[in-house]
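So in full-length UniProt numbering, spot 15 of the sequence shown is number 138, and the numbers just go up one at a time.
From the three backbone atoms N, C-alpha and C, an ideal C-beta is built for every residue, glycine too.
Encoded as structure tokens, the structure appears first; notes follow it.
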Amino acid sequence: GTLIGQFTIGGMTCTACVNSVEGILRKLHGVKKAVVALATSLGEVEYDPTVISKDDIINAIEDAGFEASFVQ
Ligand code: 9UX
């Protein structure tokens, strides 16, 4: 199955940040789609919860130097 997770991302200040975070997310096994918006600091990820967890996704973003927390 697929779940949709929405999260806030802190520390993105330019479009290259957005591309970087989207690239990180899209490379994660279990992530099917990822869209990140600079203006709202929001990201939306479609993921397979049997492959990757919300915490794994947050950790991947934070390992890249940004802050992340899930909205739902
Ligand atoms: Mo833009 Mo983001 O110059 O880490 S890439 S601030």
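Give the DSSP bridge partners of residue i, in chain order.
{"i": "residue 197", "result": "A question about residue 197 goes unanswered here, because the residues of the chain that appear run from 124 up to 195."}
{"i": "Ala-157", "result": "Val-168"}
Closest to residue i by CA distance: which of the options is it?
{"i": "Ala-160", "options": "Gly-134, Asp-178, Val-154", "result": "Gly-134"}
{"i": "Glu-190", "options": "Asp-171, His-152, Ile-127, Val-141", "result": "Val-141"}
Span of the alpha helix (DSSP H) holding residue i?
{"i": "Val-144", "result": "138-150"}
{"i": "Ile-180", "result": "177-186"}
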